[in-house]
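Chains as they are written, first to last, in this note's numbering: chain A, 712 to 1090; chain B, 712 to 1090.
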């Protein structure tokens, strides 16, 4: 009877105890050098382990669920999660109420913090695998932004051939992260560089430059207080693009400039693209659209100042309008992307729609989206 | 009486309780965005804070000492260290026996792990401060090493003017990290890029390329087992230098190639330099020499195969032979560097010796060393 209450209490509090686990765990590919834990098995379960001899309660906190870990006679706690979707997930450990990174993993910025990540192997991990192919450079560019009065940073991918063709100029994709993430997302857990290295080697994508900046940009705080104004569009147009066109060998026209983003970044980049069709000819929205979070029918007269009102004009100007979504994404994403697609169809606007099988609002959806989208650019 | 025993026990076990603390703490400059803790005061004390409502014992573990933290009524633990030296230090928290990174800081690789770091402001932080000056690029180059049969990575600093002078070629400094660190040390906590950006802007250093690779390189493990052979010299000469000379606009001769390293890296790079004087004309040893850990008199007949036997020949070939050490470094560093200097003097070999005031075997010594050394290169 006591056990029934305990199980019920655990269930109600969102705590699960994993059972019937397949014992074929291997260390995660994003562990720190030499670290054996965390591990992942063929079901996609995550097994974490940490030495905490004096602790009373240690939990693995992943995918919004806390899993109880169990202590052995040496004070080492071990526990595993339910099977997780393939791809990359942020997670943490909880030691006697302290939420901390797992000391076994490398750290990634997401969910508004630098914290642990885990990689669940996918059948298509080939697309972002590190292979013995020519590798482009990922360059960190620090710059002072006059608009925000702050130092900012972007990462710039240049394809492997860039250094060997000193006269050649390249098209540019501006690629943005999501909310509570930063400019490290795409070159880090997103593997934008590996995806492009592999595509370019296979002749499936045109060699291109990719610029990954930080989507959070605010006017300097005034003494009056209040919430500072978001000025990312202004920074993108007046600071980032001119800097990239100056410091890299770009083809600086709209036909050779694409923009894309995931989630919040999809919303931001759609606005930037539609407000500046003289600057961009390709748009990619990964798990997001600018009508987010609404699922209501879109009023084309008012939405983005009527940018989609003239469907023929949009078709003439945008060479590829691309949307992607994971099949397991929660609302409001399917609803708002669905409402957006309805609008596009009603307006007769051509677009490409991709569904990432069995993935949610996470990086595997976005890696696949970039892999699909990049193949259509600048052709 | 009980308290006396407790204090004695704490003292014996290396646990300290800080007292008489100056209350002018500010968040550390390497905290995660928006995080208020850890903080540092004008004495250089570190104050850490973490919510751990169910914990019995939380400690701040820094500089080889564990400091007890104290819990408040909300389950938040706070505690501070004794004053620390200026500059960067690795540290961790200990929650009921679990050694974990502090969730308040960004993470750095050192002490053989990705973990927390803290920055104690220094009077000369100006040398590595992020300023509104032209910023060079820090580029991540992934490559497959045939020698080690593994993927490796280096970071390459190119000065701000590099992109704007497409015909100009540059000298190269190969700059190595210490033991239990990796290629992220110099572009991360070492701030090699900022130090050079500031020096180049002030016309105190020649614009140069800096290559920061990983000093750990082993032959692939054979089935026979045993410890794999260290082959960093082979990787440096046959893979890294040719790759850099191919992919970057270098001046590929000995007069335009320098090598330096810290601690283990000083030892490694001295061997590489002296074994390959046809490749390098500048050497920098930061807190290390190849006679480490010995303080014994050096036998010039046998040391590094007699590389220092002919002092005049060394003087003719090496344009700058540079050594640096912190005044607070523990043995065996002062002893072995001292024995090495005695040998140089006996052989009549010219060298520059720098002492970093009031710093130990840590990054502030090495930032200052790079700042001094870089000013003497390629002139």
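Just so you know, even glycine gets a beta-carbon here, dropped at the ideal spot from N, CA and C.
Cβ-Cβ distance between residue 832 (chain A) and residue 751 (chain A) below 8 Å: For residue 832 (chain A) and residue 751 (chain A), yes; Cβs fall inside 8 Å.
Residue 767 (chain B): contacting residues in chain A (beta-carbon distance under 7 Å): By Cβ distance, chain A contributes 765.
Proximity to residue 796 (chain A) [Cα-Cα], best of A:1038, A:845 and A:815: The shortest C-alpha separation from residue 796 (chain A) is found at A:1038.
Sequence-distant residues of the same chain with beta carbon closer than 6 Å to residue 999 (chain A), five excluded per side: For residue 999 (chain A), same chain residues with a beta-carbon under 6 Å away, outside a window of 5 residues either side, are 974, 977 and 978 in chain order.
CA-to-CA distance, residue 809 (chain A) to residue 802 (chain A), given in whole angstroms: Going from the Cα of residue 802 (chain A) to the Cα of residue 809 (chain A) covers about 14 Å.
Near-chain B residues of the segment 840 to 865 of chain A - C-beta to any C-beta below 7 Å: Of all residues in the segment 840 to 865 of chain A, the ones placed with a Cβ closer than 7 Å to any Cβ belonging to chain B are 841, 843, 846, 848, 849, 850, 851, 852, 853, 854, 855 and 862, in chain order.
Length at least 3, wholly inside the segment 1044 to 1085 of chain A: the beta strand (DSSP E) runs in chain order: Taking only runs of at least 3 residues, the beta strand (DSSP E) segments lying wholly in the segment 1044 to 1085 of chain A are 1063 to 1067.
Short-range partners of chain A found in the segment 944 to 973 of chain B, where Cβ spacing is below 9 Å: Listed by position along the chain: 957, 958, 959 and 960.
Where residue 941 (chain A) sits in the DSSP three-state scheme: In the structure shown, residue 941 (chain A) sits in a strand (DSSP, three-state: E or B).
Proximity winner among A:855, A:916, A:897 and A:763, relative to residue 881 (chain A) (alpha-carbon distances): Distance from the Cα of residue 881 (chain A) is smallest, within the candidate group A:855, A:916, A:897 and A:763, for A:916.
Neighbour flag for residue 743 (chain B) against chain A, beta carbons, 8 Å: Judged by the 8 Å Cβ criterion, residue 743 (chain B) is in contact with chain A.
Residue 947 (chain B) in three-state terms, based on DSSP: Taken through DSSP and simplified to helix, strand or coil, residue 947 (chain B) comes out as helix.
Under 8 Å by beta carbon: chain B residues contacting residue 808 (chain A): Here the neighbours are 762, 763, 764, 765, 766 and 786.
Residue from A:929, A:883 and A:824 whose Cα sits closest to the Cα of residue 1085 (chain A): Looking at the Cα atoms, A:883 is the closest of the given residues.
Contact list for residue 818 (chain B) against chain A, beta-carbon separation under 8 Å: Here the neighbours are 812, 818 and 825.
Stretch-stretch touch, CB-based, cutoff 8 Å, three pairs: the segment 886 to 896 of chain B with the segment 916 to 930 of chain B: Yes: at least three Cβ pairs fall under 8 Å.
Residue interval of the beta strand (DSSP E) (run including residue 995 (chain A)): In the DSSP assignment, residue 995 (chain A) falls within the beta strand (DSSP E) that extends over 993 to 997.
Amino acids of chain B, ordered along the chain, whose beta-carbon sits closer than 9 Å to that of residue 874 (chain A): In chain order: 957, 958, 959 and 960.
Coil, strand or helix - residue 917 (chain A) by DSSP: For residue 917 (chain A), the three-state secondary structure derived from DSSP is coil.
Where residue 866 (chain B) falls: helix, strand or coil (DSSP): The answer is strand: DSSP assigns residue 866 (chain B) an E or B state.
Burial state of residue 822 (chain B) (16 or more Cβ within 10 Å): With fewer than 16 other Cβ atoms within 10 Å, it is exposed.
Beta-carbon proximity list for residue 805 (chain B), same chain, < 6 Å, skipping 5 on both sides: 770 and 772.
Nearest neighbour of residue 746 (chain B), chosen from B:737, B:753 and B:754 [CA to CA]: For the set B:737, B:753 and B:754, the Cα lying nearest the Cα of residue 746 (chain B) is the one of B:737.
Interfacial residues, the segment 875 to 894 of chain A to chain B, with Cβ spacing under 7 Å: Near chain B, meaning a CB-to-CB distance below 7 Å, the residues of the segment 875 to 894 of chain A are 877.
Spatial neighbours of residue 945 (chain B) in its chain, beta-carbon cut-off 6 Å, leaving aside the 5 residues before and after: Excluding positions up to five away in sequence, the list reads 858.
Three-state secondary structure assigned by DSSP to residue 737 (chain A): It is a strand residue.
Endpoints, the beta strand (DSSP E) within which residue 853 (chain A) is located: Here the beta strand (DSSP E) through residue 853 (chain A) covers 848 to 856.
Span separating the alpha-carbon of residue 1087 (chain B) from that of residue 1031 (chain B): If you draw a straight line from the Cα of residue 1087 (chain B) to the Cα of residue 1031 (chain B), it comes to about 7 Å.
Buried/exposed call for residue 715 (chain A), threshold 16 Cβ in 10 Å: Unreliable placement is indicated for residue 715 (chain A), whose pLDDT of 46 sits below 50; no coordinate value is reported for it.
Own chain residues within Cβ distance below 8 Å of residue 794 (chain B), not counting five before or after: Same-chain partners within the cutoff: 754, 755 and 756.
Beta-carbon gap between residue 931 (chain B) and residue 860 (chain B) smaller than 8 Å: Taking a C-beta distance under 8 Å as the contact criterion, residue 931 (chain B) and residue 860 (chain B) qualify as a contact pair.
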